[in-house]
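Asks: The following block contains the structure, expressed as structure tokens.
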Amino acid sequence: MKKYILLILISLATFSCGTRELEGLSLNGSVEGISEGKVYLQKFENKMYRVIDSAKVINGQFSFSKNVQLPEIYGLTLDTTKGSLLLFLDKNPVVVKLDSSSYYRNSVVTGSALQDLFVAYKKERGVKIDEFIKANPKSLVSAYALYRDFSYRLSPDEIKANIQLLDSSLWKTPYVQVLEELTKTLETVSVGKQAPDFTAKDPGGNPVKLSDHLGKGYLLIDFWASWCGPCRRENPNVVKVYNEYKGKGFDVFAVSLDKSKEAWVAAIKKDNLTWTHVSDLLYWDSEPAKLYGVRAIPSNLLVDKDGVIVAKNIRGEELGKTLKDLLN
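For what it's worth, this note's numbering labels the leading residue of the sequence shown as 388, then goes sequentially.
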């Protein structure tokens, strides 16, 4: 029954998503628990959401009325709250009930079939992106889902194959353009390719070059952060493998996506990570992360003494087994 309902919503949203044109946006909203303030309308441009308009919250009410590109994905955020509510807008008037608690998760959007599809998609478990796109090739939800939820799981060839399943009207959307750029980056760091060199600073502020750590055996380039729960849970395994093989031709070169130097250094100490560490403290704008097409962490690459990538994203027991096979 759940999948049947989702397919109905897909059909409705498909017919609502034609050519993206400038249309008069009609958006009226209310804010739970806030009578005065400011709400910002954002649009995804140049790989990030940027403010394109604002409205005053008066007696808990706000509204936007302007010419914008529709259908399109926008964001709403309050001046007093972090995070934002994603709006998948078609050409129909929309009513929004903003709940800023729990990062807008309890907010309600009515009037947009495209938003209904997005909500149904997020509730569905085990969605296969190729089947979703085939069922709804013209929807912005498909392009967004491929970009946001699947780009870090798929190979470059799989990403390109799914892009081809999308209607050509979506190929120029910023989400697909980012994906096409990402596939080019991922192809440069695939198994068998030379790991790109870079320089970043260690906790003491000293510049450290990746290539200076090659030539001695196998090197694990490990992308992580102090705020990343899965990274912290994987660290004990990396420590175990490091202690076992560090004198046998194995080392670790860790790249952090932290923003706070204090949190980064504290995590290194607490997790007993005694190998080389670097970071530019730019979070997801980390230059090494962008160079390697990192879209999720933990993420790693194992390179040989010549800097050639021999494996990617090996964790848990697989990391120890791979090193045992290579070093023996």
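Virtual Cβ for every residue (Gly too), placed ideally from N, Cα, C.
Mapping the DSSP letters down to three states, classify GLY660 as helix, strand or coil.
Replies: Within the sequence shown, numbered from 1, the residue matching residue 660 stands at position 273. First, the amino acid is wrong: residue 660 is Leu here, not Gly. Three-state DSSP puts LEU660 in coil, outside helix and strand.
Asks: Quick check on LEU714: buried or exposed, where buried means 16 or more other Cβ atoms within 10 Å of its Cβ?
Replies: Translated into positions along the sequence shown, residue 714 becomes position 327. LEU714 is exposed by the Cβ-count criterion.
Asks: Go through its chain and collect everything with a Cβ distance to VAL690's Cβ below 6 Å, but skip five positions before and after it.
Replies: Indexing the sequence shown from 1 puts residue 690 at position 303. Contacts found: ALA582, LEU606, ILE696.
Asks: In whole angstroms, give me the CA-to-CA distance for SER487 and VAL418.
Replies: Here residue 487 corresponds to residue number 100 of the sequence shown, with the count starting at 1. Here residue 418 corresponds to residue number 31 of the sequence shown, with the count starting at 1. Near 8 Å, if we compare the C-alpha coordinates of VAL418 and SER487.
Asks: CA-CA distance, ASP717 and LYS648?
Replies: The structure shown does not extend to residue 717, since the chain is modelled only from 388 to 715, so the question has no answer here.
Asks: Quick check: LEU552 and LYS521, are their CB atoms within less than 8 Å of each other?
Replies: The residue given as residue 552 occupies position 165 in the sequence shown. The residue given as residue 521 occupies position 134 in the sequence shown. Yes, the pair counts as a contact, with Cβ atoms nearer than the cut-off.
Asks: For LEU678 versus LYS646, is the C-beta distance shorter than 8 Å?
Replies: Walking along the sequence shown from the start, residue 678 turns up at place 291. Walking along the sequence shown from the start, residue 646 turns up at place 259. No, the Cβ-Cβ distance between LEU678 and LYS646 is not below 8 Å.
Asks: Please return the same chain residues whose Cβ sits closer than 7 Å to the Cβ of SER538, not counting the five positions on each side in sequence.
Replies: On the sequence shown, position 151 is the one that residue 538 refers to. So the list reads ILE546, LEU566, LEU569, ARG682, once near-sequence residues are dropped.
Asks: Comparing the CB of THR468 with every heavy atom of the ligand SAH, is any distance shorter than 7 Å?
Replies: Absence of the ligand SAH from the depicted structure is noted, as is the absence of any ligand whatsoever, leaving it without description.
Asks: Please classify GLU621 as buried or exposed, where buried requires at least 16 other C-beta atoms within 10 Å of its C-beta.
Replies: For the purposes of this step, residue 621 is taken as the residue at position 234 of the sequence shown. With 16 or more other Cβ atoms within 10 Å, it is buried.
Asks: So, is GLU459 buried or exposed, given that buried needs 16 or more other C-beta atoms within 10 angstroms?
Replies: Walking along the sequence shown from the start, residue 459 turns up at place 72. Under the 10 Å beta carbon count, GLU459 is surrounded by 16 or more other beta carbons and is classified as buried.
Asks: Quick check on this structure: which residue in MET435, LYS711, GLN448 has the alpha carbon closest to the alpha carbon of LYS635?
Replies: Residue 635 sits at position 248 when you count from the first residue of the sequence shown. Taking only the C-alpha atoms, the option nearest LYS635 is LYS711.
Asks: By Cβ distance, which residues of its chain are closer than 6 Å to THR464, with the 5 residues on each side in sequence left out?
Replies: Position 77 of the sequence shown holds residue 464. Taken in chain order, the residues that qualify are TYR427, SER471.
Asks: Taking the alpha-carbon positions, what's the ARG512 to GLY604 distance?
Replies: Here residue 512 refers to the residue found at position 125 of the sequence shown. Here residue 604 refers to the residue found at position 217 of the sequence shown. If you take the alpha carbons of ARG512 and GLY604, they lie about 42 Å apart.
Asks: For the alpha helix (DSSP H) containing ARG620, name the first residue and the last one.
Replies: Within the sequence shown, residue 620 is the residue found at index 233, counting from 1. From DSSP, the alpha helix (DSSP H) with ARG620 extends over 616-632.
Asks: Within its chain, find whatever has a CB closer than 7 Å to the CB of PHE402; leave out the 5 residues flanking it on each side and keep chain order.
Replies: One-based indexing of the sequence shown puts residue 402 at position 15. Below a pLDDT of 50, predicted positions are generally treated as unreliable, and PHE402, at 38, falls in that range; the measurement from the model is reported next regardless. Answer for PHE402: no residue qualifies.
Asks: Considering only DSSP beta bridges, list what TYR461 is partnered with.
Replies: The count along the sequence shown starts at 1 and reaches residue 461 at position 74. BP columns for TYR461 point to LYS430, LEU474.
Asks: DSSP beta-bridge partners for THR586?
Replies: Your numbering for residue 586 matches position 199 in the sequence shown. Partner(s): LYS596.
Asks: Could you give the distance in angstroms between the alpha-carbon of LYS633 and the alpha-carbon of SER686?
Replies: The residue given as residue 633 occupies position 246 in the sequence shown. The residue given as residue 686 occupies position 299 in the sequence shown. In a straight line, the C-alpha of LYS633 is about 20 Å away from that of SER686.
Asks: In terms of residues, what are the limits of the alpha helix (DSSP H) holding PHE519?
Replies: Here residue 519 is taken as the residue at index 132 of the sequence shown, counted from 1. 516-522 is the extent of the alpha helix (DSSP H) around PHE519.
Asks: PHE519 and ALA500 look like a contact to me (Cβ under 8 Å); what is the Cβ gap, rounded to whole Å?
Replies: Along the sequence shown, read from residue 1 onward, the residue named residue 519 stands at position 132. Along the sequence shown, read from residue 1 onward, the residue named residue 500 stands at position 113. That pair is no contact at about 16 Å.
Asks: Would you check if the distance between the CB atom of PHE610 and the CB atom of LEU597 is smaller than 8 Å?
Replies: Walking along the sequence shown from the start, residue 610 turns up at place 223. Walking along the sequence shown from the start, residue 597 turns up at place 210. No, the Cβ-Cβ distance between PHE610 and LEU597 is not below 8 Å.
Asks: One question on the structure: do VAL482 and GLY498 come within less than 8 Å of each other, judged by their Cβ atoms?
Replies: Taking the first residue of the sequence shown as 1, we reach residue 482 at position 95. Taking the first residue of the sequence shown as 1, we reach residue 498 at position 111. Yes. Within cutoff.
Asks: DSSP has TYR436 in a bridge; who is on the other side?
Replies: On the sequence shown, position 49 is the one that residue 436 refers to. Answer is PHE431.
Asks: Below 8 Å between beta carbons: does that hold for LYS588 and VAL665?
Replies: Along the sequence shown, read from residue 1 onward, the residue named residue 588 stands at position 201. Along the sequence shown, read from residue 1 onward, the residue named residue 665 stands at position 278. With respect to the 8 Å criterion, LYS588 and VAL665 are classified as neighbours on the basis of their beta carbons.
Asks: Only counting the same chain, and skipping five residues up and downstream in sequence, which positions put a Cβ closer than 6 Å to that of THR468?
Replies: Position 81 of the sequence shown, counted from the first residue, corresponds to residue 468. Excluding residues within five positions, the ones whose Cβ falls inside 6 Å are SER487.
Asks: GLY694 to GLY602, Cα distance in whole Å?
Replies: Taking the first residue of the sequence shown as 1, we reach residue 694 at position 307. Taking the first residue of the sequence shown as 1, we reach residue 602 at position 215. Their backbone Cα atoms lie some 8 Å apart in a straight line.
Asks: Kindly indicate which three-state DSSP category GLU419 falls into: helix, strand or coil?
Replies: On the sequence shown, residue 419 is found 32 positions in, with the first residue counted as 1. In this structure, GLU419 counts as coil in the three-state DSSP scheme.
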